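A short write-up of the structure that comes next.
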Amino acid sequence: MTMRFGISLQKLIGVVAVVLASVNFSVAQSRTRSIPFTYLPDQSEDQYNQRIKQKTLPVDGTGFIILSKKTESIYAVEFYTNELKKSWEAALPLSAAEEVEAFTRNDNYALVIIHRKNQETGLQNLLGYTIDLKTGKKSENKKLAEAPIKSRRLGVAFSEDGTKLVTYNYLQQQAGLKAIQATIYDGNLNKVQERTYGFQDLVGIQSANVKIDNAGFQYVALINNNATKLSVRRYSQTGPEIKGMDIQVGGVFEGKKVYILDTFFALQQDSSMYAAATVADEKTGDFYSLKVIKFDFASGEMKYAPEFRFTPHYLADINKLNKSGTPPVKRLSDIYLSDIVVSPEKHVLVLAEKKYNEGPKLPFAAREIHLFTYDEFMNPTWHSILNKSQVAPASEGFTGISYKANVNSNELQLITLETLNNKTDLFSRKINIKDGTTAAPQPLKLNVSANKPLAYLKDFTAWLNDNTLVAVFKPSRKSKALQLTRITIK
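Residue numbers for the sequence shown follow the working numbering, beginning at 1196 and rising by one.
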C-alpha cells in the first residue's frame, strides 16, 4: 500500500510517499546454485561502526572474491568463478594482537590491511598485503603506518577503484585535533606521497573523515566549531594545492540552538562530495532537521538543499506504519544516516535507518528506512518512509538485519531478511529514484531458515550484474548449514 500526499508543511515542491510493507507481495522468479560455506563470526567488530561492510567483491565479470574468518587465527581471501568454483584461496594468519582493518581490490590485486598492536613496544601498525587475482599469490606484509598505541587508532581509506589508498594518523594537542599525518600509496602498496593536513584555522573539531578518489585527491571532511559547522578540505597528490569549503549547519535557528547529531559523506569521482547531516535541538535532544550539501571542487561552488524539518506531521507519518499494536512513537530516536546514492542523472538519494539495541545481551532491531531525494540542482523531489521490522539476538547484532543496496541506472534495489506473511526469506524492494515509485517487496523464494542462528550474513551479499547476486544464508532444510548461493532473478 502506498499513500501519497502534498508537503506544503515543508514548503517544498515534490511528492511524499509512505511505503508500507504490505501482506500482499509479488513473487520474484529466481534460479539458484549453492555450495557449502565456512564462516566464523568476528566478535571484535563494532556493530555500529563496522570497519568492513562489504566482504564480497565482484571481479571483472569473471567471478568474485570473498574475505572471511575461517578459524580463530586465520582469515582467508577466496576467488570463486561465476559458477561457484573455487579457483584459489590465500590464507591470512593473524596473531591475537592483529585485526583485519580494510579490504578492497583493483584490476590486479586484492588488498588486505591488518591493524596490529604491540604492547611490548607501545606501537600500533598498519600492515598491507597484496594478493594476485589471477594466481592467489600473497605478498609479504608491508608496514604502511605506525603510531603510539596511546594515540587514536590509525586509519586507512581506499579509492573507489582500489588504485590508491591513504593511511592516516591523528595528531592531537591538548585533547584536540591539531593535524593529520597521511601517507598515500598506489594499488601495489608503493609509497607515492607523504603530507600533513593542518587545521590551524578550525576550532572545536569533533571528527575528521578522510577519503581519496581515483585521481589521488585526498579529502578531509570535518565536524567543527562545537558541532555546528561542516568543513571539507581537498589536497592534491601532485602539488601543495589545498582547496577548502565550509558551511554552518548548526547554531541558533528560530530561537533554538541546534547541533550536528549525525553525518554521512559520499565522495564522487568528479571532484565533488555530498554531505548529509541531521541536527538536533540542544535543549531537548529532539531531531530538528536534515541538511544536505554538495561540495563541488571542480566548480568551486557549494549547493545547499532546502532544510527538511522533522515536524509533528512527519512523526504522524511514521505512526501510520505501526501495525504492531505498540504505543505510537512520540519522538524520533535511533535514526542513523546510512547511505547517499547518486544516480547517473545526478539525482541524489539520502537514506537513514532506525537501528538500536534494546540493552546489554538483549536483541538488536532494524526498523523503518527514511528516504530523501533531490534533483541535480539539489531541489527536493520526494521523500518516503519504507516500513520493515527486523530483530536479531544480541549474539548476532546487525549481521543479518538492516539492508543491502544496489543502484542500477535510476533504480535502487534493497535486499532484506524479513518474515512477511509467515514466510522468512530475502526480500527485494525496487525504488525509482526519480519519482519514488516503490514496488511491493518480492520474496526471492530461497526458503531461508527462520529459527537457526546466523541465518543470513548480509556483508557477503553482492551483485555480479543487474540480475544476478550472491548471498550467504542457511536454507530451512534441517540438513543444511550456511550456503554460498548465486541467485539469478528472471
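For each residue, glycine too, the CB sits at the ideal point set by N, CA and C. Quick caveat: nothing in here was measured; it's all calculated off a predicted structure.
Residue i - DSSP class collapsed to helix/strand/coil
| i | result |
| --- | --- |
| leucine 1510 | helix |
| leucine 1478 | Here residue 1478 is lysine; the residue named in the question, leucine, does not match the sequence. Residue state, collapsed to three classes: coil. |
| serine 1217 | Any answer about serine 1217 is weak, because its pLDDT of 39 lies below 50 and its placement is not dependable; what the coordinates show is given next. Coil. |
| lysine 1515 | helix |
| arginine 1347 | coil |
| arginine 1504 | strand |
| isoleucine 1247 | coil |
| valine 1444 | coil |
| alanine 1377 | strand |
| leucine 1183 | The structure shown does not extend to residue 1183, since the chain is modelled only from 1196 to 1685, so the question has no answer here. |
| lysine 1685 | coil |
| valine 1665 | strand |
| tyrosine 1234 | coil |
| leucine 1328 | coil |
| threonine 1680 | strand |
| methionine 1573 | coil |
| serine 1604 | coil |
| histidine 1310 | strand |
| threonine 1358 | coil |
| phenylalanine 1655 | strand |
| glutamine 1464 | coil |
| isoleucine 1202 | Residue confidence for isoleucine 1202 is low, a pLDDT of 39 falling below 50, so the modelled location carries little weight; the figure read from the coordinates is stated next. Coil, per DSSP. |
| alanine 1305 | strand |
| tyrosine 1531 | strand |
| isoleucine 1260 | strand |
| valine 1487 | strand |
| phenylalanine 1567 | strand |
| proline 1522 | coil |
| alanine 1285 | strand |
| glutamate 1240 | coil |
| serine 1402 | strand |
| glutamine 1369 | coil |
| lysine 1583 | coil |
| isoleucine 1410 | Reading off the sequence shown, one finds alanine at residue 1410, where the question assumed isoleucine. Three-state DSSP puts alanine 1410 in coil, outside helix and strand. |
| glycine 1439 | strand |
| isoleucine 1596 | coil |
Nearest to residue i (by Cα), restricted to the options the options
| i | options | result |
| --- | --- | --- |
| arginine 1228 | Arg1672, Ala1666 and Ser1671 | Ala1666 |
| valine 1415 | Arg1429, Pro1435, Thr1423 and Ile1530 | Arg1429 |
| proline 1588 | Gln1608, Ala1645 and Trp1283 | Ala1645 |
| serine 1268 | Asn1603, Ile1564, Lys1489 and Glu1294 | Glu1294 |
| tyrosine 1598 | Pro1638, Asp1654, Leu1544 and Pro1648 | Asp1654 |
| isoleucine 1488 | Asn1336, Trp1283, Tyr1469 and Glu1606 | Tyr1469 |
| serine 1533 | Trp1577, Ile1564, Lys1250 and Thr1683 | Ile1564 |
| isoleucine 1379 | Ser1402, Glu1240, Lys1498 and Thr1433 | Thr1433 |
| proline 1343 | Ile1596, Glu1496 and Glu1315 | Glu1315 |
| leucine 1262 | Asp1661, Val1254 and Gln1249 | Gln1249 |
| alanine 1403 | Gln1637, Tyr1270, Gly1350 and Gln1388 | Gly1350 |
| asparagine 1603 | Arg1562, Ser1623, Asp1661 and Thr1614 | Asp1661 |
| threonine 1233 | Pro1435, Ala1676, Lys1647 and Glu1540 | Ala1676 |
| glutamine 1376 | Phe1274, Arg1562, Val1405 and Ser1354 | Val1405 |
| arginine 1562 | Leu1516, Lys1541, His1578 and Glu1540 | Leu1516 |
| proline 1670 | Leu1612, Thr1633 and Ser1623 | Leu1612 |
| tyrosine 1363 | Glu1355, Ser1467, Asp1630 and Gln1388 | Gln1388 |
| threonine 1632 | Ile1682, Trp1577, Ser1584 and Leu1659 | Trp1577 |
| glutamate 1240 | Ile1326, Ser1590 and Asn1277 | Ser1590 |
| proline 1558 | Leu1318, Gly1393, Arg1624 and Gln1242 | Gln1242 |
| aspartate 1630 | Asn1605, Ser1623, Ile1260 and Phe1394 | Asn1605 |
Within 8 Å, strictly: CB atoms of residue i and residue j
| i | j | result |
| --- | --- | --- |
| leucine 1322 | isoleucine 1309 | yes |
| valine 1398 | valine 1444 | no |
| phenylalanine 1503 | serine 1528 | no |
| leucine 1289 | valine 1272 | no |
| leucine 1339 | leucine 1372 | no |
| alanine 1461 | valine 1537 | yes |
| alanine 1500 | tyrosine 1569 | yes |
| lysine 1498 | phenylalanine 1572 | yes |
| leucine 1607 | isoleucine 1626 | yes |
| leucine 1649 | glycine 1595 | yes |
| isoleucine 1535 | valine 1543 | yes |
| isoleucine 1230 | leucine 1279 | yes |
| tyrosine 1684 | threonine 1656 | The sequence as given places isoleucine at residue 1684; tyrosine does not occur at that position. Cβ atoms of isoleucine 1684 and threonine 1656: not closer than 8 Å. |
| asparagine 1301 | arginine 1311 | no |
| alanine 1285 | lysine 1333 | yes |
> On the three-pair Cβ rule with 8 Å, is the segment 1409-1416 touching the segment 1340-1360?
Replying inline: yes
>> Could you tell me which whole beta strand (DSSP E) segments of length 3 or greater appear in the segment 1611-1651?
In response: 1618-1627
> At a cut of 8 Å, does the segment 1446-1454 reach the segment 1487-1501 through at least three beta carbon pairs?
Replying inline: no
>> Is it the case that the segment 1419-1426 contacts the segment 1452-1461, given that we only count it when at least three CB pairs across the two stretches are under 8 Å?
In response: yes
>> With a threshold of 8 Å, are at least 3 pairs of Cβ atoms found where one atom belongs to the segment 1546-1558 and the other to the segment 1616-1625?
In response: no
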